[in-house]
Amino acid sequence: MLDAVRSSGSIWWWSRPWRYRSLFSQANIASDIFSGGDGRGDVAALHAPTVASNIFSGGNGRGEVTSNFSPSLQVLLSLRGMLEGPYSASTGLMSDALRSASLIPGTEPYSALGYAASSGGGEAVGAATLTTTGNNAIVDWVVVELHDNTNPASIVASRAALIQRDGDVVSTNGISPVIFTQAPGTYRVALRHRNHLGAMTLNGVALSNTTTSVDLSLAGTSTFGTQARKSITGTFPTQALWAGDVTFNNQLKYAGSNNDRDPILTAIGGTVPTNTLSGQYRQEDINMNGQVKYAGSANDRDILLQNIGGSVPTAVRNAQLP
Ligand SMILES: [Ca+2]
Ligand SMILES: [Ca+2]
Numbered sequence: 559m560l561d562a563v564r565s566s567g568s569i570w571w572w573s574r575p576w577r578y579r580s581l582f583s584q585a586n587i588a589s590d591i592f593s594g595g596d597g598r599g600d601v602a603a604l605h606a607p608t609v610a611s612n613i614f615s616g617g618n619g620r621g622e623v624t625s626n627f628s629p630s631l632q633v634l635l636s637l638r639g640m641l642e643g644p645y646s647a648s649t650g651l652m653s654d655a656l657r658s659a660s661l662i663p664g665t666e667p668y669s670a671l672g673y674a675a676s677s678g679g680g681e682a683v684g685a686a687t688l689t690t691t692g693n694n695a696i697v698d699w700v701v702v703e704l705h706d707n708t709n710p711a712s713i714v715a716s717r718a719a720l721i722q723r724d725g726d727v728v729s730t731n732g733i734s735p736v737i738f739t740q741a742p743g744t745y746r747v748a749l750r751h752r753n754h755l756g757a758m759t760l761n762g763v764a765l766s767n768t769t770t771s772v773d774l775s776l777a778g779t780s781t782f783g784t785q786a787r788k789s790i791t792g793t794f795p796t797q798a799l800w801a802g803d804v805t806f807n808n809q810l811k812y813a814g815s816n817n818d819r820d821p822i823l824t825a826i827g828g829t830v831p832t833n834t835l836s837g838q839y840r841q842e843d844i845n846m847n848g849q850v851k852y853a854g855s856a857n858d859r860d861i862l863l864q865n866i867g868g869s870v871p872t873a874v875r876n877a878q879l880p
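The sequence shown begins at 559 in this note's numbering and counts up by one.
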């Protein structure tokens, strides 16, 4: 920018940059600001990323674009719970034997079990997430459901998620709260697992795009129904989901049609009860140690028998879900 001044027959040139800097100091101003196009403040720098270009021609005006300040249609849930099968009351942690044996599938197993997700389904976990060890190591896949508060039989959203050894239920990155694409509101929260009985909060929980915590391992968190969880005693007492639903039909059954015991015997060959089956990710592996076992120490059948009452083999236990 040079100005010319004629003085005493000579031409003198000098720079005057300050004049232009002071006028246009803001970044990203549209070049057509004085020619009918977008004006100052309509560009991205002023938090109006989608202002309509027809601002001066009868269309939407500044501040009328809905994307500017609308709330997110997301709710974040920090859920915690325990699975009886892998839980140890002496450590307060669940075993991650399935993970350490590289048996946890990369894609959620619930679709293949016939679970009809109301949303979600097909969630996948990266191999790196399954390398974490310690308290936050991944134990298995679970399903988290949001139920309608006034009509709790209605599942309004569901997501497959991961559960850590210390009970935290996290999204597929192994760390974050579970996110639902759902309007903020009050929902009952249910936790389900492929061979445990699911449980749901008795009360509605206000969820929003700020993380809300729900801990189903605490006795103080009331649950829907009667004895929805198993009360485990020991050094680290907890409320855990009942183990033993091999058939994933919301019922523990030891004898009779569609019982949960026969598949264990069938899995190990069907005839020799002392056989074991190792190194597989199976519904019949109730204690989730990577081994299907019908008799002997740490077998998968005794847990089922205990959970239907321990003495009357025809007794059943039903999941307390609406
Ligand atoms: Ca069952
Ligand atoms: Ca087992």
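The C-beta atom is built at its ideal place from N, Cα and C for all residues, glycine as well.
Test item: CB-CB of residue i and residue j under 7 Å
i: Asn693; j: Arg717; result: no
i: Thr793; j: Ser648; result: yes
i: Val804; j: Glu842; result: yes
i: Pro742; j: Val633; result: yes
i: Leu810; j: His751; result: no
i: Ile866; j: Val850; result: no
i: Leu661; j: Tyr852; result: no
i: Thr739; j: Leu631; result: yes
i: Ala719; j: Val736; result: yes
i: Tyr812; j: Pro880; result: no
i: Leu746; j: Gly725; result: Contrary to the premise, residue 746 reads as Arg rather than Leu in this sequence. Not a contact, by the Cβ cut-off of 7 Å.
i: Ile861; j: Gly802; result: yes
i: Val683; j: Thr730; result: yes
i: Ser636; j: Thr769; result: yes
i: Gly848; j: Ala659; result: yes
i: Leu688; j: Phe806; result: no
Opposing strand residues paired with residue i [DSSP bridges]
i: Asp726; result: Arg638
i: Ser789; result: Gln797
i: Thr829; result: Per DSSP, none; premise fails for Thr829.
i: Asp773; result: Arg638
i: Tyr645; result: Met652
i: Thr687; result: The partner list for Thr687 (beta bridge, DSSP) is empty, contrary to what the question assumes.
i: Val633; result: Phe738
i: Thr781; result: Thr759
i: Ile713; result: His705
Cβ separation of residue i and residue j, assumed to be a contact under 8 Å, to the nearest whole Å
i: His705; j: Ala757; result: About 12 Å separates the two Cβ atoms, so there is no contact after all.
i: Leu641; j: His754; result: 5 Å
i: Asn876; j: Gly643; result: Not confirmed; about 18 Å, so no contact.
i: Ser734; j: Val727; result: Actually they do not touch by this definition, with Cβ atoms about 11 Å apart.
Same chain, Cβ closer than 7 Å to residue i, neighbours up to 5 away in sequence not counted
i: Ala695; result: Asp654, Arg657, Gln722, Arg723
Where the beta strand (DSSP E) containing residue i begins and where it ends
i: Ala748; result: 743-751
i: Asp706; result: 696-706
i: Met758; result: 754-758
i: Arg764; result: For the sequence presented, residue 764 should be read as Ala rather than Arg. Start and end: 763-765.
i: Gln809; result: 809-811
i: Leu835; result: 834-836
i: Arg875; result: 874-876
i: Ile662; result: Here Ile662 belongs to no beta strand (DSSP E), and DSSP marks it neither H nor E.
i: Val736; result: 736-738
Endpoints, the alpha helix (DSSP H) within which residue i is located
i: Asp860; result: 859-865
i: Ala655; result: 655-658
i: Ala856; result: No alpha helix (DSSP H) holds Ala856; DSSP gives it neither H nor E.
Other residues of its chain near residue i: CB distance less than 6 Å, five sequence neighbours each side excluded
i: Ser580; result: Residue confidence for Ser580 is low, a pLDDT of 37 falling below 50, so the modelled location carries little weight; the figure read from the coordinates is stated next. The answer is none, since no qualifying residue turns up.
i: Phe582; result: Residue confidence is low: Phe582 scores 40 on pLDDT, short of 50, so the model does not pin down where it sits. No coordinate-derived value is stated.
i: Tyr645; result: Met652, Ala798
i: Val714; result: Leu704, Asp706
i: Thr665; result: Ala682
i: Gln878; result: Phe782, Gly783, Ala786
i: Ser712; result: Asp706
Contacts around residue i, its chain only, beta-carbon distance under 8 Å, and the 5 residues preceding and following it disregarded
i: Thr779; result: Thr759, Val772, Asp773, Gln797
i: Ser669; result: Ala675, Gly679, Gly680
i: Pro663; result: Trp699, Tyr839
i: Asn767; result: Pro629, Ser630, Gln632, Val633, Leu634, Pro742
i: Arg787; result: Ala757, Leu774, Thr781, Gln797, Ala798, Leu799, Trp800
i: Thr690; result: Ile696, Gly732
i: Thr832; result: Tyr852, Ala853, Gly854
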